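A short write-up of the structure that comes next.
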Amino acid sequence: MVKKQLSRIYAALIFVFLYAPIVVLIIFSFNNSKSRGNWDGFTIKWYIQLFKNKEILRSLYYTLIIAITSSLISTIMGTFAAIGIYDMKGFTKKFALNLNYLPVLNPDIVTAVSFMVLFKMAKLELGIITIILAHITFCTPYVVLSVLPKLKQMNKHLAEAALDLGATPFYAIRKVIIPQIMPGIVTGALLAFTLSIDDFVISFFTAGKGVSNLSIMIYSMARRGINPVINALSTLMFLTLMVLLLIIYKRSEKEEEKVIE
Amino acid sequence: MNNKWLKRICVLLLGVLSISLISSCSDDRPTINIYNWGDYIDPEVLDMFEEEYNVRVVYDTFATNEDLYVKIKQGGSSYDVIFPSDYMIERMIREDLIQKIDTKKITNINNVDERFMNLDYDPDNQYSVPYMWGTVGIIYNKNLVNRPLTKWADLWDEEFSGEIIMLNSQRDTLAVALKKLHYSMNTRNINELEEAKNELIKQRPLVYAYQGDEIKDSIISEEAAIGVVWSGDAVAMMRENPNLVYVLPEEGTNLWFDAMVIPKDAQNVELAHEFINFMLRPEVAAMNAEYIGYSSPIPKAIELLSDELKNNKVAYPDFSELENTEIFKDPTDLLKEYDRIWTEIFSTM
Amino acid sequence: MKLNKHGYFYLIWMAIFIAIPLLMVVYFAFTSGDSQSISSADFSLENFKRFFTPMYLEVLKKSVQLALISTIICLLLGYPVAYIISKAKLKYRNILILLFVIPMWMNFLLRTYAWLTLLGKNGIINLMITKLGFQPLDLLYNDIAVLLGMVYNFLPFMVLPIFSILTKMDNSLIEASWDLGANRLKTFLKVTFPLSLPGVISGITMVFIPAVSTFVISSLLGGNKTYLIGNLIEQQFRYTGDWHFGSAMSIILMVFILISMALTSKFDKGKEGEGGGLW
Chain A
6 MVKKQLSRIY AALIFVFLYA PIVVLIIFSF NNSKSRGNWD GFTIKWYIQL FKNKEILRSL
66 YYTLIIAITS SLISTIMGTF AAIGIYDMKG FTKKFALNLN YLPVLNPDIV TAVSFMVLFK
126 MAKLELGIIT IILAHITFCT PYVVLSVLPK LKQMNKHLAE AALDLGATPF YAIRKVIIPQ
186 IMPGIVTGAL LAFTLSIDDF VISFFTAGKG VSNLSIMIYS MARRGINPVI NALSTLMFLT
246 LMVLLLIIYK RSEKEEEKVI E
Chain B
-3 MNNKWLKRIC VLLLGVLSIS LISSCSDDRP TINIYNWGDY IDPEVLDMFE EEYNVRVVYD
57 TFATNEDLYV KIKQGGSSYD VIFPSDYMIE RMIREDLIQK IDTKKITNIN NVDERFMNLD
117 YDPDNQYSVP YMWGTVGIIY NKNLVNRPLT KWADLWDEEF SGEIIMLNSQ RDTLAVALKK
177 LHYSMNTRNI NELEEAKNEL IKQRPLVYAY QGDEIKDSII SEEAAIGVVW SGDAVAMMRE
237 NPNLVYVLPE EGTNLWFDAM VIPKDAQNVE LAHEFINFML RPEVAAMNAE YIGYSSPIPK
297 AIELLSDELK NNKVAYPDFS ELENTEIFKD PTDLLKEYDR IWTEIFSTM
Chain C
849 MKLNKHGYFY LIWMAIFIAI PLLMVVYFAF TSGDSQSISS ADFSLENFKR FFTPMYLEVL
909 KKSVQLALIS TIICLLLGYP VAYIISKAKL KYRNILILLF VIPMWMNFLL RTYAWLTLLG
969 KNGIINLMIT KLGFQPLDLL YNDIAVLLGM VYNFLPFMVL PIFSILTKMD NSLIEASWDL
1029 GANRLKTFLK VTFPLSLPGV ISGITMVFIP AVSTFVISSL LGGNKTYLIG NLIEQQFRYT
1089 GDWHFGSAMS IILMVFILIS MALTSKFDKG KEGEGGGLW
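Residue numbers (our numbering), protein chains in the order written: chain A, 6 to 266; chain B, -3 to 345; chain C, 849 to 1127.
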């Protein structure tokens, strides 16, 4: 019993640690002053300004499009890649794995600049396609890294049995392997989405004109100071996520009740 | 269960994507692509321009002059109007990255204060039109400091140990040290640079932190008493904390300009000129100066500002105070030296 | 198992988008000249020679030290959290792990700035502490702040892989261990932890590697008083314009990381000795 209480307190402390800055962010979105060093009274003026600022809303739109598209594609590609690599042997396997690691190894700026030069050599005009390609490339390794351990943990005999019983490899993957590695896939997707949504350097150097994501917008304010309108936007995004989370929770409660019936 | 939701999300995504595609396709107004610092324009100004000229404004932002340089140099993305700083304009002219402006099309160019035209980085303003300007100086909290500060050398006073914030920019901080030693901030003399380096190494134990824009909050919240800041930031800081004083040091300081230029590969040069002209209108320049808080180079615009801002000696000092200032020059071949020196300053060896 | 051809598409992708850029970086590293005009470079080892001097090696050492310490802290703090969440009831589990990840979707710079407000001399934490009558703590612009920032930033990358392994842990093995008389600690050390090792290795990889090349955290939370290798490399590309030196340093960093990860993967000598990856 004590153990359970202790572990709950520990988990709670970690969550406080994770959310403390978010709470600060939210509070300062209502600060009448632009400065974080001075509380000048409560206001919602930043929220009103937010909806009048076309540029920020456009960045939000692009951030979401790029993040959702690239995490979706890298999750799919990464899962199949992991399955393929899992089944490889010897030198090919080592080669594939180490190549996969390279975007993880390199500092962002090196990846960013090398992409920029690559696109220049290929005479590709920078735009939304180039930024999505770049995002997919640096997200997929994380999906592979998340799925591989689950593949190792999985009971490979089930898949072999399925193949022996006449299933096509694709059927075996769909019905046998993927359900077993699902937590890894979900983890990978979450990681990919997280990385994409928060990336600045790679996005900046591979984005074309008219394409700007939130990170670029925010980092560009580095010289002037972050406009609290950004805090307001972050607060709204956060609240939206909380609401979504609540919906998911309610639905899984309903499912439990259904099962009990 | 999962499948139903997945399908719904896919449909939603497709819907959003198609709507956005359609809406951008049906927009056949001419487009102007602008590349500027973050939060460095009154958003309303862009809306006004769109309405009046019936065009679409595409507005992107960058964080530093050097980032801007890499994007423009490497190509792949053509902008019509960009906003580099003085030394970067000098470099872009030299490397043939920007085109000459047809001043006949910029009818409002006479609105700009003569004293801010024809500067060294762009003689005769063939390529650029000033947008904002300012100085670099010392800001200090008069309640936390026992005497008024008047020179860069004051930042080396042991009495202020732990209360000094310096800028985390190589060039600006080296400039401070060079001016303290009465050298030019654009010096190419390696010995002078090495002396500056030694000064900064001596100063390290006294420095609270080397910061970028966070310096504003640190000084406002009184975590440190003294800082090196740009005049525009000083204006904002003094609003938040009335105990702050901004001073241009005796040894001389940096005068900086951000200006509008047109890159060589601009696709809509005509519209670029219209935009620059538009930005020089006193009402528009005043809107920007009021929103950003930095100093406008257009006297008629200054008259339109709020009393608090137009009488602010930090933002609009008497010209006599600007006599002992220098504008940065393009340091391209010295950058490697700056980098080595900066690394040596922070090395523990 | 005939599944390996599913990996071939990715191999092609990697060849185009990973191998070619890497070759370019290598090319830059072994040449010198004006970075912006790629073709006019000459072969040279100057960049490497420049790096292998005490000053720059010290920078690398400091970066590795910080990365190592923060990885260890992440592991020590993160494993228990992953364990606790994985043992929670199913309906809470997914919510909890999502709750863990959601802060990461808020912009990193914003969250780091928020830490400045929390940790400052006159910041929120010190405000609370002084109200309670204690002396204010020196929590900012030092190594403590930098480590805190790094752990804050990388903790989810440690927790997620460990969590995903622990969720499908075969409970019958654990129960068997208890039935055979082992106490909880022994079960954990001999059964649970070794089985979760692939996740741990993944986590360590996903924390240590970015931690070595990070610099924004040390820049903001450390007051820019420590120069890390991430700073150095970024400066070369985004300020100084010396892409050759920058590329050389990232090759050196890459080799260093590959070697240290090769040593780590010795711990994951699982089936066919393939480990979690590197080497």
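Yeah, the Cβ is synthetic: ideal placement off N, Cα and C, and Gly gets one too. Bear in mind that the values here come from a model prediction, so they are computed numbers and not experimental data.
Curious, which full-length alpha helix (DSSP H) runs of at least 4 residues does the stretch 103 to 185 of chain B contain? 166 to 176
Cβ separation of Glu218 (chain B) and Leu140 (chain B), assumed to be a contact under 8 angstroms, to the nearest whole Å: 7 angstroms
Listing by chain order, which chain B residues have their CB less than 7 angstroms from the CB of Met903 (chain C)? Thr339, Glu340, Ser343 and Met345
DSSP on Gly223 (chain B), reduced to helix/strand/coil? strand
Whole-angstrom Cβ separation of Leu202 (chain B) and Gly158 (chain B), contact assumed at under 8 angstroms? 7 angstroms
With 7 angstroms as the C-beta to C-beta threshold (strictly closer), list the residues of the stretch 25 to 56 of chain B near chain A in chain order. Asn29, Trp33, Gly34, Asp35, Tyr36, Pro39, Val54, Tyr55 and Asp56
Given 8 angstroms as the limit, is there contact between the stretch 902 to 920 of chain C and the stretch 1059 to 1072 of chain C, that is, 3 or more CB pairs closer than that? yes
Are Val51 (chain B) and Ile78 (chain B) touching if we call contact CB-CB under 9 angstroms? no
Minimum length 4: unbroken alpha helix (DSSP H) runs contained in the stretch 231 to 293 of chain B: 265 to 275 and 278 to 288
Suppose only complete runs of 4+ residues qualify. What are the alpha helix (DSSP H) ranges in the stretch 29 to 75 of chain B, listed by chain order? 39 to 49 and 61 to 70
Tell me whether Asn307 (chain B), by its Cβ, gets closer than 8 angstroms to a heavy atom of the ligand SAM. No copy of the ligand SAM appears in this structure; indeed no ligand is present at all.
Using the C-alpha atoms, what's the distance from Lys157 (chain A) back to Tyr91 (chain A)? 8 angstroms
Report the neighbours of Gln70 (chain B) on chain A: residues whose CB is nearer than 7 angstroms to its CB, in chain order. Met121 and Lys125
Does Ser880 (chain C) come out as helix, strand or coil in the three-state DSSP assignment? strand
Listed in chain order, which residues of the stretch 189 to 214 of chain B have Cβ atoms closer than 9 angstroms to some Cβ of chain A? Gly208, Asp209, Glu210, Lys212, Asp213 and Ser214
Gly1123 (chain C): buried (16+ other C-beta within 10 angstroms of its C-beta) or exposed? Note that Gly1123 (chain C) scores 42 on pLDDT, short of 50, meaning its location in the model is unreliable and no value can be drawn from it.
In the DSSP assignment, the alpha helix (DSSP H) including Ala72 (chain A) goes from what residue to what residue? Lys59 to Asp92
What does a CB cutoff of less than 7 angstroms around Leu987 (chain C) pick up in its chain, not counting 5 residues either side in sequence? Leu967, Ile973 and Ala993
Return yes when the Cβ of His854 (chain C) is within less than 9 angstroms of the Cβ of Pro174 (chain A), no when it is not. yes
Based on Cα-Cα distance, which residue from A:Pro26, A:Ile133, A:Pro184 and A:Thr116 lies nearest to Lys1016 (chain C)? A:Pro184
Continuous beta strand (DSSP E) stretch holding Ala205 (chain B): start and end: Val203 to Gln207
Any C-beta of chain B within less than 8 angstroms: which residues of the stretch 228 to 257 of chain A qualify? Arg228, Arg229, Gly230, Ile231 and Asn232
Within chain C, the residues that Ala89 (chain A) reaches when beta carbons sit closer than 9 angstroms: Looking at the sequence itself, residue 89 (chain A) is Gly, so the reference to Ala does not match. Leu851, Asn852, Lys853, His854, Gly855, Tyr856, Phe857, Tyr858 and Leu859, listed in chain order.
Enumerate in chain order the residues of its own chain whose CB-to-CB distance from Met247 (chain A) is below 8 angstroms, with the five nearest sequence positions on each side excluded. none
Identify the contact partners of Glu62 (chain B) in chain C, using a Cβ-Cβ distance below 8 angstroms as the criterion. Arg1086, Tyr1087 and Gly1089
Tell me the rounded alpha-carbon separation between Leu331 (chain B) and Thr901 (chain C). 20 angstroms
Cut-off 8 angstroms between Cβ atoms - residues of its own chain near Leu1076 (chain C), not counting five sequence neighbours on either side: Val907, Lys910, Ser911, Leu914, Thr1062, Phe1063 and Ser1066
Beta-carbon within less than 6 angstroms of Ser239 (chain A)'s beta-carbon, same chain only, minus the 5 sequence neighbours each way: which residues are those? Leu30
Spatial distance of Ile258 (chain B) from Glu60 (chain A) (CA atoms): 21 angstroms
Is there a C-beta anywhere in chain C that falls below 9 angstroms from the one on Val7 (chain A)? no
Please confirm if Glu3 (chain A) has its CB atom under 9 angstroms from at least one CB of chain B. What is shown of chain A runs 6 to 266, which leaves residue 3 (chain A) out entirely.
Shortest alpha-carbon distance to Ser880 (chain C) belongs to which of C:Arg898, C:Ile868 and C:Leu995? C:Arg898
Does chain B have any CB closer than 9 angstroms to the CB of Lys1119 (chain C)? Because the pLDDT at Lys1119 (chain C) is just 40, under 50, the model does not fix this residue reliably, and the point stays unresolved.
Please compile the residues from chain A whose C-beta is within a distance smaller than 9 angstroms of the C-beta of Ile216 (chain B). Ser38, Ser40, Arg41, Gly42 and Asn43
Could you tell me which of C:Pro1004, C:Gly926, C:Gly997 and C:Leu1080 sits nearest to Met903 (chain C), measuring between CA atoms? C:Leu1080
When you compare the CB positions of Phe253 (chain B) and Asp63 (chain B), do they come within less than 9 angstroms of one another, or not? no
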